[in-house]
Amino acid sequence: MADPMKTDWGRVSMEGSITDTACAIDPGSLEQTIDMAIFPIGQLVQNGIGDEHPFAIRLLDCTIVHPDPDKSNQQHFVVTFDGAADGNNFAVNGDAEGVAMQIIDDKGNVSNPGVVSPEINIIPAEMKLNYALRLVGNGKTLRAGTYYSSVRFKLDYY
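Numbering of the sequence shown is given in full-length UniProt numbering, commencing with residue 1 and proceeding in unit increments.
Printed below as a string of structure tokens:
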């Protein structure tokens with residue numbers, strides 16, 4: 001029988017780590033189809049650009065803590081859109097001619113194919129990056145018809 005006056009000591013060892021998890025892209029933002037609607041060719045001739053069609057890249061599970069105490073607790077993002085280029089815009093395929101696709105952010109910055117965007121601060125409450133697509137003339141003769149384009153995006157943050 002154990003001596004009630006004797007105290008035994010034990011030891012518990014622990015090991016672990018704390019990490020920042022990567023942001024995830026909302027599954028609904030991964031593959032989006034934006035309907036550009038029917039657009040009169042005369043409007044493109046008159047204005048040089050088409051109507052804006054908004055889309056967003058929504059993010060999930062981002063850690064909004066910056067390791068540098070002199071910077072705000074916001075994640076800083078850069079986005080690269082990539083696809084077939086038509087000058088500084090994105091090429092379209094199909095019967096339509098004389099047009100290209102342009103992507104702009106909510107500050108009016110134009111995204112060029114394969115070029116990293118200016119740094120973006122994401123608002124923690126919203127967790128989304130807002131963009132719009134629009135048709136632009138590419139300097140060639142306009143021809144009415146259907147068109148389509150595919151653009152990929154890459155998101156880097158720190």
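Cβ atoms here follow ideal geometry from the backbone N, Cα and C, with glycine treated the same way.
Whole angstroms is fine: what's the gap from residue i's alpha carbon to residue j's?
i	j	result
LYS128	VAL12	44 Å
PHE55	GLY28	11 Å
TYR157	ASN130	16 Å
PRO118	PRO40	33 Å
ASP105	VAL78	12 Å
LEU155	GLY48	30 Å
ASN121	ASP95	39 Å
In the DSSP assignment, what are the bridge partners of residue i?
i	result
PRO54	ALA132
GLU97	ARG143
ALA85	PHE90
ILE120	PHE77
LYS154	THR80
Which word fits residue i, buried or exposed, when buried means at least 16 other C-beta atoms lie within 10 angstroms of its C-beta?
i	result
ALA24	exposed
LEU44	buried
VAL116	exposed
ASP86	buried
ILE38	exposed
ASN93	exposed
MET101	buried
From the options, pick the residue whose C-alpha is nearest to that of residue i; which is it?
i	options	result
ASN112	SER149, GLN46, ILE122 and GLY83	GLY83
LEU60	GLU126, MET36 and GLN46	GLU126
ASP51	ARG134, ARG143 and VAL116	ARG134
CYS62	ILE49, HIS53 and HIS76	HIS76
VAL151	TRP9, THR33, ARG143 and MET14	THR33
ILE57	PHE90, GLY145, SER149 and ILE103	ILE103
GLY114	ALA91, ALA132 and GLY108	ALA91
For the putative contact between residue i and residue j, defined by C-beta atoms under 8 Å, what is the C-beta separation to the nearest angstrom?
i	j	result
VAL110	TYR147	Contact flag wrong, Cβ pair sits at about 19 Å.
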